[in-house]
Every structure is written in C-alpha cells, then in structure tokens.
Amino acid sequence: MSRFVYGWLTALISGLPVWLGYLLADALTDLHYRFFPARRHAALANLAVMLPRASRRDRTRIARRMMRSYNRMMFEFFRLPHLSREELTASVEVVGREHLEQAVARGRGVILASSHIGNWELGGVMIAQMGYTLHAVAGVQMGRWLSGAVRETKSELSIHTVSPEDGFRKLLRALEHNDLVALVVDGDIYSHGVEVEFFGRTYSFPAGPGVLAQRTGALVICGYGERVRPGRFRIVFEKPLDPADFPTVAALNQAVAGTIERHIREHVDQWCIFRPMWEAAPSTAAELSGEGRRAEA
C-alpha cells in the first residue's frame, strides 16, 4: 500500500509544470514556518549559535528561507524517479569530478561526506548515473510508513541504502569492493559520536568518516549539492582528505567537520536541519522565546 501511495504521489507531483511546483513549494513556506513550531524554534536556536551577531530579524528571515529550500527539495525529490537521464544531466553541473575519479582509481573505495544542503538526494542519483556503485547510510525517510517505498525507489535509481543498525560491516565490505559510501554527517542517525568543534561549540559528530578511512585507507571527499536556481543544481566534490595525512581518527574527523561547517556557512539558507544541534544557553533560550512570540504575532 505504501508503495502505491508513494508511486501515486511521485506521478502526481512530477506531472506538475516545473514553474507551478516551485510556486506551490514557495507558497507553502509561511504555513511550514507557522504550523511547525518545533522546527521553527530548532532552526532559530541553531542560527543563534551559528550567527551570534545577526539580528533576530535576519535569523527569522534565514529560517524562512531554510524552510522554503526544504519545500523545494521535497518537490524535486518526488519528481526525481520520473526524470530521464537526459533531463537529469542537463539540470546538474558537476564541479570537481576529477577528484572523485582520482580517488576511485586508488582502488580502496571512497567515503563521501556531505550535509543537508540544497538537494542532497540528487547528488547520490548523479553519482549512480556516472556509473559508480553507491552505498548511502540512511534512517527512516518520509515517515515509517513510506520509508520502505523510498528505499525501493532508491534501489531502482542504483543507490543501496544501508541502515544504521547494520554497523560498519557492510560499509567496510563496500569499500573493499572499491565502491562509494555516502555519509550525511549533520544528521542524527549514528550511535557512535565523537566530539569535534563545530561552529565554535562542542558537537557530537559521527565517527564514521574517520574510522572507515583509517581502517581501509579510503580517501574522504567532502561535497554538497546546491540549488543554483529553481530546477538547476551544482554538485561539488572537494579535494580528497587522505587518512595518512592525519595523526589520529579525531584529527581527520575534525577536518571533515571543519569542511562541512564551511559548506553550511556558505549555503546557510539552503541548510535543511530542523532539530537543535546544540543545547541553547539560558540567554539564547530567552531570546528565542521572545523571538518566537514576535514571529507569531
């Protein structure tokens, strides 16, 4: 039943003219902001840490743009299974593909570290279209009822979904076969966290990138998929991080965290995380409480 509903949704949404889909996504931004208070307060709390010198008005404006970006991503996500290869490649610019090709040529697999910027799902589909085998770690998606259908769709798009409960074993095996492993490191589905400095605060970061790289010798490539404008995207692969260049797993994970922080800072209005990343200080919490009242007035 979930597969039927998901298929119906993708067919319905993909049938919309692109301009109309984005118009509806943007029109729903205000509803998203007002009727999902937990998401709103989480975004504002995160922005208070990330942009401490910004005004309340500016942080509210950015939070709205974050929600608009998420709405747009959802429209794009439902269209994705119905796009032809030609339509997909025509809408995406790939920067740094040579870094990926050189890393794969080493024969030890590649670890891709990314964040929830722009359309992070599109990056995985493009990598599969390039001919690589991709294993992506993902938890429950689109709610538990639709999660199975989403995973089946990803399999059809040549993306192998790995559950967090599977641990490192499947990922190690994938790297041994010189496959690609994708980790979205700003999520909360990991169980083994390590402390890093992230936006000037201590943050529990997934241990996966450093541990997998040190065990296998695989290079780590940080990247993201930004929305340049509606219907047009840019996927960026940065120069690889070689685990041999870092004295410890912790040092490598800190380098990954620092790179991801830079990506988020440069694309903060497309960063779609709506859970508190840090515990708010009392003064911040009080400020957010007042800001929430102003936003709803």
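Residue 21 is where the sequence shown starts when you use the working numbering, and the numbers rise one by one after that. Glycine is no exception: its CB is placed at the ideal position from the N, C-alpha and C atoms. Owing to the predicted nature of the structure, the values given are computational and were not obtained by experimental measurement.
Item, Value
"Where Tyr152 sits in the DSSP three-state scheme", "coil"
"In DSSP terms, what Ala133 is bridged to", "Leu203, Cys242"
"Span of the alpha helix (DSSP H), counted from its first residue to its last, around Glu196", "189–196"
"Cα-Cα separation between Met150 and Glu113, rounded to whole angstroms", "13 Å"
"Sequence-distant residues of its chain with Cβ nearer than 7 Å to Val248 (five each side left out)", "Arg254"
"Validate contact between the stretch 25–36 and the stretch 261–276 using beta carbons, cut 8 Å, 3 pairs", "no"
"Three-way DSSP call (helix, strand, coil) for Pro226 in this model", "strand"
"Expected contact under 8 Å - CB spacing of Gln290 and Ile137 to nearest Å", "5 Å"
"C-beta contact flag for Val231 and Ile280 at 8 Å", "no"
"Buried or exposed (CB count within 10 angstroms, at least 16 for buried), Ala83", "buried"
"Residue range of the unbroken beta strand (DSSP E) whose run includes Gly213", "213–218"
"Backbone CA spacing between His197 and Tyr244 [nearest angstrom]", "24 Å"
"The stretch 48–62 touching the stretch 90–97, judged by at least three CB pairs closer than 8 Å", "yes"
"Other residues of its chain near Asn66: CB distance less than 6 Å, five sequence neighbours each side excluded", "Met297"
"First and last residue of the uninterrupted beta strand (DSSP E) at Val112", "112–115"
"Inter-residue Cα distance where the pair is Tyr223 and Gly213", "9 Å"
"Of the listed residues Leu272, Pro37, Ile33, Val201, nearest to Leu120 (C-alpha basis)", "Val201"
"Whole-angstrom distance between Gly143 and His61, CA atom to CA atom", "29 Å"
"Beta-carbon proximity check, Leu203 vs His180, cutoff 8 Å", "no"
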